[in-house]
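**Student:** Residue numbers (my numbering): 3 to 328.
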């Protein structure tokens with residue numbers, strides 16, 4: 003399975019007590035800043051020994067948001083997002099993909115916008131974690147720890163003046179940094195120059211692909227796969243069929259989230275062929291677990307601990323249409 007077009011996405015110890023009003027207000031302010039402030043700068047994303055830098059520009063408009071991301075090292079890529087419509091230019095393959103950002107998908111900044119942090123206090127504990135400087139700005143650190151072993155923790159750095167998220171760590175069960183994203187430099191402005199928001203990749207001879215053209219939402223009465231056991235707080239938010247990358251047949255895709263962490267389950271017919279692989283696989287913060295059932299390969303992938311993807315993979319069952327997911 004492939005990760006989404008946006009590589010950057012971040013996510014938050016505090017005893018048994020509930021998060022205070024000031025902390026929740028800070029997180030709410032952060033969500034507002036991510037959507038409604040105008041800013042541009044250089045973002046650095048680190049995972050394991052890999053370091054990727056990119057330019058990012060974001061403009062709020064009367065119609066919503068416009069965002070442009072350009073890779074500055076590694077493979078060439080330019081992404082333009084207009085609200086939920088995402089256009090990705092890939093010069094190396096002379097191709098352009100057009101897709102619609104869905105619930106549970108998106109990048110470092112977008113995943114934090116829609117969350118109801120107050121409702122997550124049964125799943126995560128929150129606390130203020132001191133002050134620090136990031137890209138020349140004084141920030142308030144916020145720490146988010148999971149209350150069980152089925153999700154990761156996060157540390158966020160929020161600009162004290164604007165509330166904007168400037169840095170984030172994704173933390174393992176032992177509090178090791180799995181991923182880090184931060185602005186090396188950033189300007190918060192009244193208006194982003196128009197040229198920073200426009201595609202610059204020449205694409206006249208590129209092949210265009212509409213990624214979501216084959217997506218078919220599966221209504222509850224037609225669903226034939228279900229997950230019988232999930233970690234507390236996770237729930238199914240969508241179930242669909244679509245083509246997987248480098249595949250000519252439709253696969254079923256179940257998206258599961260606790261509001262912060264998201265997991266995808268892909269189910270594809272094997273047609274009598276052996277499964278390409280079985281068992282666990284790890285790449286940085288992303289864990290994968292694959293198994294086979296009734297001549298189908300089931301692959302579970304997400305930025306969650308290995309125990310989570312294994313539990314979900316082993317809990318997938320075929321069902322009579324309309325039986326529903328728990």
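Glycine residues also receive a C-beta, built at the ideal position from the N, C-alpha and C atoms.
Applying the criterion that 16 or more other CB atoms from any shown protein chain within 10 Å of the CB defines a buried residue, is residue 96 buried or exposed?
**Tutor:** Locating residue 96 in the chain shown gives position 94, counting from the first residue. With fewer than 16 other Cβ atoms within 10 Å, it is exposed.
**Student:** Thinking just about the alpha-carbon of each residue, which of 222, 300, 251 is nearest to the one in residue 239?
**Tutor:** In the chain shown, the residue the question calls residue 239 occupies position 237. If we check each option's Cα against that of residue 239, 222 comes out closest.
**Student:** With burial defined as no fewer than 16 other Cβ atoms inside 10 Å of the residue's Cβ, what is the status of residue 174: buried or exposed?
**Tutor:** If you number the chain shown from 1, residue 174 lands on position 172. Classification of residue 174: exposed, given that the 10 Å Cβ count is below 16.
**Student:** Buried or exposed: which applies to residue 52, given that a residue is buried once 16 or more other Cβ atoms fall within 10 Å of its Cβ?
**Tutor:** Sequence index remark: in the chain shown, residue 52 carries index 50 (1-based). With fewer than 16 Cβ atoms within 10 Å of its Cβ, residue 52 is classed as exposed.
**Student:** Taking the straight line between their C-alpha atoms, what separation do you get for residue 168 and residue 265?
**Tutor:** Residue 168 sits at position 166 when you count from the first residue of the chain shown. Residue 265 sits at position 263 when you count from the first residue of the chain shown. If you take the alpha carbons of residue 168 and residue 265, they lie about 25 Å apart.
**Student:** What is the DSSP secondary structure of residue 2, reduced to helix, strand or coil?
**Tutor:** Outside the shown range of the chain (3 to 328) lies residue 2, about which nothing can therefore be said.
**Student:** Enumerate, from N- to C-terminal direction, the unbroken alpha helix (DSSP H) stretches of 4 or more residues contained entirely within the segment 11-95.
**Tutor:** DSSP runs (the alpha helix (DSSP H)) wholly in the segment 11-95: 23-38.
**Student:** Taking Cβ to Cβ, would you say residue 150 is nearer than 8 Å to residue 233?
**Tutor:** Residue numbering aside, residue 150 sits at position 148 when the chain shown is read from its first letter. Residue numbering aside, residue 233 sits at position 231 when the chain shown is read from its first letter. Yes.
**Student:** For residue 29, which residues of its own chain have a beta-carbon under 6 Å away from its beta-carbon, when the five flanking residues on both sides are left out?
**Tutor:** Within the chain shown, numbered from 1, the residue matching residue 29 stands at position 27. The residues are 119.
**Student:** Measure the beta-carbon distance from residue 32 to residue 45 and round it to whole angstroms, keeping in mind my assumption that it falls under 8 Å.
**Tutor:** Position 30 of the chain shown, counting from 1, holds the residue named residue 32. Position 43 of the chain shown, counting from 1, holds the residue named residue 45. Not a contact, Cβ separation roughly 16 Å.
**Student:** Determine which residues share a DSSP beta bridge with residue 320 and list them.
**Tutor:** Within the chain shown, numbered from 1, the residue matching residue 320 stands at position 318. Beta-bridge pairing links residue 320 to 227.
**Student:** Quick check: what's the CA-CA separation for residue 15 versus residue 258?
**Tutor:** Within the chain shown, the letter at position 13 stands for residue 15. Within the chain shown, the letter at position 256 stands for residue 258. Below a pLDDT of 50, predicted positions are generally treated as unreliable, and residue 15, at 33, falls in that range; the measurement from the model is reported next regardless. Residue 15 and residue 258: Cα-Cα distance of roughly 24 Å.
**Student:** Among the residues of its own chain, which have a CB less than 6 Å from the CB of residue 305, if the five just before and after it don't count?
**Tutor:** Residue numbering aside, residue 305 sits at position 303 when the chain shown is read from its first letter. Around residue 305: 287, 288.
**Student:** Using the beta-carbon count (16 or more within 10 Å), is residue 209 buried or exposed?
**Tutor:** Within the chain shown, numbered from 1, the residue matching residue 209 stands at position 207. Looking at its Cβ environment, which holds fewer than 16 other Cβ atoms inside 10 Å, residue 209 is exposed.
**Student:** Is the Cβ-Cβ distance between residue 293 and residue 280 less than 8 Å?
**Tutor:** For this step, residue 293 is matched to residue 291 along the chain shown. For this step, residue 280 is matched to residue 278 along the chain shown. Contact flag set, yes.
**Student:** Helix, strand or coil for residue 120 per DSSP?
**Tutor:** Taking the chain shown and counting its residues from 1, one reaches residue 120 at position 118. Helix, per DSSP.
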